[in-house]
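Position one of the sequence shown corresponds to residue 1 (the working numbering), numbered consecutively onward. Ideal placement from N, C-alpha and C gives every residue a C-beta, glycine not left out. All of these numbers come straight from a predicted model, not from anything done at the bench.
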Amino acid sequence: MGGISISTPLFVQSAEDLISRLARVDSEPARAMRAEVQELLTLFRGWEHHKPPDEIRVTKIRQLFDLQRRAMDLLTKSAPGAK
(Lines of atoms letter the chains of each structure in order from A and count residues from 1; the text may use other names and numbers.)
(Lines give C-alpha, C1' and ligand atoms only; values in the text may rest on other atoms or scores of the structure.)
Protein backbone atom coordinates (compact mmCIF):
# COMPACT_ATOMS: atom_id res chain seq x y z
CA MET A 1 0.00 0.00 0.00
CA GLY A 2 2.96 2.30 -0.35
CA GLY A 3 2.28 5.71 -1.80
CA ILE A 4 -1.37 5.82 -0.75
CA SER A 5 -2.27 9.25 0.62
CA ILE A 6 -3.29 9.49 4.25
CA SER A 7 -5.72 12.26 3.22
CA THR A 8 -7.89 9.91 1.14
CA PRO A 9 -10.13 9.01 4.12
CA LEU A 10 -10.83 12.73 4.54
CA PHE A 11 -12.14 12.93 0.97
CA VAL A 12 -14.27 9.83 1.56
CA GLN A 13 -15.71 11.37 4.74
CA SER A 14 -16.34 14.72 3.04
CA ALA A 15 -18.22 13.02 0.21
CA GLU A 16 -20.27 10.92 2.64
CA ASP A 17 -21.17 14.03 4.66
CA LEU A 18 -22.16 15.91 1.52
CA ILE A 19 -24.43 13.07 0.39
CA SER A 20 -26.12 13.13 3.81
CA ARG A 21 -26.70 16.87 3.65
CA LEU A 22 -28.05 16.73 0.12
CA ALA A 23 -30.42 13.90 1.07
CA ARG A 24 -32.35 16.42 3.19
CA VAL A 25 -33.44 18.29 0.06
CA ASP A 26 -35.94 16.72 -2.32
CA SER A 27 -35.23 18.46 -5.59
CA GLU A 28 -33.79 17.58 -8.97
CA PRO A 29 -30.64 19.70 -8.45
CA ALA A 30 -30.02 17.99 -5.10
CA ARG A 31 -30.52 14.53 -6.63
CA ALA A 32 -28.14 15.37 -9.49
CA MET A 33 -25.50 16.60 -7.04
CA ARG A 34 -25.92 13.48 -4.89
CA ALA A 35 -25.32 11.31 -7.94
CA GLU A 36 -22.20 13.29 -8.81
CA VAL A 37 -20.89 13.04 -5.25
CA GLN A 38 -21.67 9.31 -5.18
CA GLU A 39 -19.46 8.84 -8.24
CA LEU A 40 -16.66 10.71 -6.50
CA LEU A 41 -17.17 8.66 -3.33
CA THR A 42 -16.76 5.44 -5.27
CA LEU A 43 -13.61 6.83 -6.88
CA PHE A 44 -12.16 8.03 -3.56
CA ARG A 45 -12.78 4.64 -1.96
CA GLY A 46 -10.77 3.10 -4.78
CA TRP A 47 -7.91 5.44 -3.96
CA GLU A 48 -7.57 3.69 -0.60
CA HIS A 49 -6.13 0.76 -2.56
CA HIS A 50 -4.68 2.30 -5.70
CA LYS A 51 -3.15 5.76 -5.95
CA PRO A 52 -4.36 7.69 -9.03
CA PRO A 53 -2.12 9.85 -11.20
CA ASP A 54 -1.60 13.30 -9.67
CA GLU A 55 -3.51 15.14 -12.42
CA ILE A 56 -6.61 12.97 -11.90
CA ARG A 57 -6.34 13.32 -8.14
CA VAL A 58 -6.18 17.12 -8.31
CA THR A 59 -9.07 17.32 -10.79
CA LYS A 60 -11.36 15.13 -8.68
CA ILE A 61 -10.52 16.91 -5.44
CA ARG A 62 -11.34 20.23 -7.11
CA GLN A 63 -14.60 18.71 -8.34
CA LEU A 64 -15.47 17.76 -4.74
CA PHE A 65 -14.71 21.29 -3.52
CA ASP A 66 -16.86 22.75 -6.30
CA LEU A 67 -19.71 20.40 -5.38
CA GLN A 68 -19.42 21.42 -1.74
CA ARG A 69 -19.79 25.10 -2.71
CA ARG A 70 -22.75 24.42 -5.00
CA ALA A 71 -24.40 22.20 -2.40
CA MET A 72 -24.02 24.81 0.32
CA ASP A 73 -25.64 27.39 -1.97
CA LEU A 74 -28.52 24.99 -2.67
CA LEU A 75 -28.94 24.05 0.98
CA THR A 76 -28.94 27.69 2.04
CA LYS A 77 -31.62 28.53 -0.54
CA SER A 78 -33.63 25.45 0.50
CA ALA A 79 -33.53 26.19 4.22
CA PRO A 80 -36.82 27.05 5.91
CA GLY A 81 -37.36 30.80 5.72
CA ALA A 82 -34.86 31.28 2.88
CA LYS A 83 -35.89 33.56 0.05
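Please report how far the alpha carbon of residue i lies from the alpha carbon of residue j, in whole angstroms.
| i | j | result |
| --- | --- | --- |
| glutamine 13 | lysine 51 | 17 Å |
| arginine 31 | arginine 21 | 11 Å |
| alanine 15 | aspartate 66 | 12 Å |
| arginine 57 | alanine 23 | 26 Å |
| isoleucine 6 | lysine 77 | 34 Å |
With distances taken from CA atoms, which of the options is nearest residue i?
| i | options | result |
| --- | --- | --- |
| proline 9 | Glu36, Pro29, Ser78, Leu41 | Leu41 |
| alanine 71 | Glu39, Glu55, Val25 | Val25 |
Between residue i and residue j, is the Cβ-Cβ spacing less than 9 Å?
| i | j | result |
| --- | --- | --- |
| valine 37 | leucine 64 | yes |
What residues in its chain sit with their C-beta under 8 Å from that of residue i, if we drop five residues either side in the sequence?
| i | result |
| --- | --- |
| isoleucine 61 | Phe11 |
Between which two residues does the alpha helix (DSSP H) carrying residue i extend?
| i | result |
| --- | --- |
| glutamate 16 | 8-22 |
| glutamate 48 | Neither: glutamate 48 is in no alpha helix (DSSP H) and is coded neither H nor E. |
| aspartate 54 | 54-78 |
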